[in-house]
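Residue numbers (the working numbering), protein chains in the order written: chain S, 11 to 199; chain U, 25 to 211.
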Amino acid sequence: MSLLNYNEVLTAQSQDARPIAPSSSISIIPDNNIIVLPNHLLYVGKTIRVTWFGQIWLNSSGGANFQFSIDLGTAGSTNVFNFLSGPTTAVTPLNVWTPFLVRGIFTIRTQGTGTSSTAWGIFQLCGIAQVGSSIPTVGGVSTSLIPAGATAVSNGFDYSVANWFNIRLNFGSTTTVYQNLQYVLEALN
Amino acid sequence: MSLQTWEECLTTSIVDGTANTTGTAASCIPPNNVIALPSSYFQIGKVIRVTAYGRISCVVTTPGTARFQIRSGPTSGVSIFDTGAINLNIVAKTNVPWLLQAILTCRTIGNGTNCTFMGCAQFESEAIVGSPAAAAGGNSVLVTPVGVPAVGSGIDSTVVNQLDLWFTQTVATGSMTCHLYVVESLN
C-alpha cells in the first residue's frame, strides 16, 4: 500500500537566523534555507508540511500585530499564504524572549501557469505572545488557527517555473523583535 | 538504529469533501480518498497519522456537538477511534477553520474484532465552546477522546480494510466541510 513515494525533509535550519524588527515584509529564515523548488514540483496533490520556531521580544506595552506569509515565485516574491493578523499582547512579559511555534500543512489543489496554481492550507500558531494567552506557570499558552476567519484557497502562483520557498514576517510595530531558531520544510509525498 | 521502515503519505485530498449539514453521521472526505488497505497491513506497533482541516458553522445558543470518528473495516463501518462529542460554541460561528490531528497505534491484531488501536487526537477551532474570537485570544484546543482514553472498536486485520473519516454534528442547523485530508503511515 503505497504511492511509491516517501516523506523527505527539503531543508532544515541549523543556525540562528538574524533578529529582525521589520516594519515591512522581510524573510525570517537564513538565506541558506531559502530553497529553490524545481519547476513542476508543486503538482496537484503534493503535500507540504512546514514548521518553524523562534523567539519574540516585546519591548512596547502596546504590543504589536504581526503577520507571517509564505511566499513562492521568483525570489520568493509571490505571496501565497498571507497570515491574517496574529496580534501580540500588551500583558505578555516585556523585555524578555518568549518562544513561538508555527506548524502548517498544505496541499496543492490546482496547477498551471500564471496564477492558476493554488493550495489549501492550515497553520497553527502557538506562543504566550499571542493576545489573551496565559503564561506557562498559570495555564497553557494560546494557539490560533490561520486563516483566522473564513477558510479560503491560497493566492495563486505559477507551478511551471522554479519557485523559491520563503517565510516572511511583517510587524505592526518596529519595537518588536523576532528571531527564528528552527525551520523545517517537509514534502510528504 | 532503524526498523527499516519509512514514512509515507497514503492519501491526500485535492477536492473538498461533501458538506455535512444533516445532523447525521457521514463520511466527510472525498470518496476517492477512502483508501483500501491490504489484508494484514496492520501490524502491532503500526502508527497512522491523520490530519484534517476544514470549515465549520454553528448556531447561537444550541449549537449541538461535533464528533469525528476514524472508521475502518471492509465498509468503513467500525469506529476505531472516536473523539467523542465535542461541545460547540454557544456563540454563532460561520465557516471558521478547524484542525484535527490524530495518531493511532495498532495494539492488537487478528480476525473478528481482535485488531484494535489506541488513538489520540487534537481538535482546535474557534467553534469549540468557550473559545474566544481569534482576535481576542486564539482558538480553543481539545485533546480527545473526550473522557477516558480507551482503544476503539476492533476490526479484522486479516482482510482488506477501508480507512475513512466520519463526522457528526448533532443538529441540522450547522455545517461542516473538510478541505484537506492527509493520511500518513509513520512506519
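Virtual Cβ for every residue (Gly too), placed ideally from N, Cα, C.
Using the Cα positions of residue i and residue j, report the straight-line distance between them to the nearest angstrom.
| i | j | result |
| --- | --- | --- |
| Ser117/U | Ser155/U | A quick correction: the sequence has Lys, not Ser, at residue 117/U. If I take the Cα positions, the gap works out to 11 Å. |
| Gly161/U | Leu52/S | 34 Å |
| Gly69/U | Gly114/S | 26 Å |
| Gly47/U | Asn113/U | 16 Å |
| Ala76/U | Met200/U | 12 Å |
| Thr85/U | Ala196/U | 14 Å |
| Ser63/U | Val170/U | 31 Å |
| Gly97/U | Ser35/S | 49 Å |
| Ala158/S | Pro121/U | 7 Å |
| Leu47/S | Phe66/U | 35 Å |
| Thr185/S | Ser37/U | 42 Å |
| Asp81/S | Gly142/S | 29 Å |
| Cys52/U | Asp41/S | 41 Å |
| Trp130/S | Gly78/U | 9 Å |
| Ile80/U | Gly176/U | 25 Å |
| Phe91/S | Ala197/S | 17 Å |
| Asn89/S | Thr132/U | 47 Å |
| Asn12/U | Gln140/S | Nothing can be reported for residue 12/U: it is not among the residues displayed for chain U, which extend from 25 to 211. |
| Thr140/U | Ile72/U | 13 Å |
| Thr120/S | Ser126/S | 7 Å |
| Leu187/U | Ile179/U | 11 Å |
| Ala145/U | Cys130/U | 15 Å |
| Ala109/U | Val74/U | 19 Å |
| Gln23/S | Thr194/U | 45 Å |
| Cys202/U | Gly55/S | 15 Å |
| Ala74/S | Tyr193/S | 23 Å |
| Phe78/S | Phe133/S | 10 Å |
| Gln125/U | Phe92/U | 11 Å |
| Tyr188/S | Val183/U | 52 Å |
Let me know if residue i comes out buried or exposed under the rule of 16 or more other beta-carbons within 10 Å of its beta-carbon.
| i | result |
| --- | --- |
| Ile145/S | exposed |
| Thr57/S | buried |
| Tyr16/S | exposed |
| Val165/U | buried |
| Gln28/U | exposed |
| Asn69/S | exposed |
| Ser164/S | buried |
| Ala158/U | buried |
| His50/S | exposed |
| Gln25/S | exposed |
| Ser154/S | buried |
| Ala90/U | buried |
| Val151/S | buried |
| Glu208/U | buried |
| Pro161/S | Checking the sequence shown, residue 161/S turns out to be Thr, not Pro. The residue is buried, with at least 16 neighbouring Cβ atoms inside 10 Å. |
| Val102/U | buried |
| Thr168/U | buried |
| Arg28/S | exposed |
| Gly136/U | exposed |
| Glu18/S | exposed |
| Ser181/U | buried |
| Leu34/U | buried |
| Ala60/U | exposed |
| Val172/U | exposed |
Under 8 Å Cβ-Cβ, which residues of chain S neighbour residue i?
| i | result |
| --- | --- |
| Arg79/U | Ala160, Thr161 |
| Val206/U | Thr57, Ile115, Thr117, Leu198 |
Assuming residue i and residue j make a contact with CB atoms under 8 Å, what is their CB distance in whole Å?
| i | j | result |
| --- | --- | --- |
| Phe76/S | Leu191/S | Contact doesn't hold; Cβ gap of about 16 Å is too wide. |
| Ile30/S | Asn176/S | Incorrect: roughly 13 Å between the Cβ atoms, too far for contact. |
| Phe191/U | Ala43/U | Not confirmed; about 10 Å, so no contact. |
| Thr128/S | Gly166/S | 5 Å |
| Asn138/U | Glu148/U | Wrong, their Cβ atoms sit about 33 Å apart, outside the cutoff. |
| Thr108/S | Ile66/S | 6 Å |
| Thr123/S | Ser87/S | Thr123/S to Ser87/S, Cβ: 16 Å. No contact. |
| Pro54/U | Gly198/U | The Cβ separation is near 20 Å, so there is no contact. |
For a contact meaning CB atoms closer than 9 Å, what does residue i contact in chain S?
| i | result |
| --- | --- |
| Ile38/U | Val54, Gly55, Thr117, Ile118, Arg119, Thr120, Trp130 |
Mind listing the chain U neighbours of residue i? Cutoff is C-beta to C-beta under 8 Å, in chain order.
| i | result |
| --- | --- |
| Pro157/S | Pro121 |
| Gln134/S | Leu123, Glu148 |
Determine the chain U residues that contact residue i at a beta-carbon separation under 9 Å, and present them in chain order.
| i | result |
| --- | --- |
| Thr153/S | Glu148, Gly162, Asn163, Ser164, Val165 |
| Tyr16/S | Trp30, Glu31, Glu32, Cys33 |
Against residue i, what residues of chain S qualify as contacts under a CB-to-CB distance less than 7 Å, listed in chain order?
| i | result |
| --- | --- |
| Pro156/U | Gly142 |
| Thr75/U | Ile115 |
Find the residues of chain A that neighbour residue i, judging by a C-beta separation of less than 9 Å, and give them in chain order.
| i | result |
| --- | --- |
| Leu111/S | As a matter of chain content, chain A is missing from the structure shown, whose protein chains are S and U. |
I want to check one thing, is the minimum distance from the CB of residue i to the heavy atoms of the ligand MN below 7 Å?
| i | result |
| --- | --- |
| Thr75/U | As far as ligands go, the structure on display features none, and thus does not contain the ligand MN. |
TODO: Tell me, please, whether the stretch 112-132 of chain S touches the stretch 58-68 of chain S by the rule of three or more beta-carbon pairs shorter than 8 Å.
DONE: Yes, the stretch 112-132 of chain S touches the stretch 58-68 of chain S.
TODO: Decide if the stretch 138-158 of chain S is in contact with the stretch 29-48 of chain S; the criterion is three or more beta carbon pairs, one per stretch, under 8 Å apart.
DONE: The stretch 138-158 of chain S, when compared against the stretch 29-48 of chain S, does not touch it at the 8 Å Cβ threshold.
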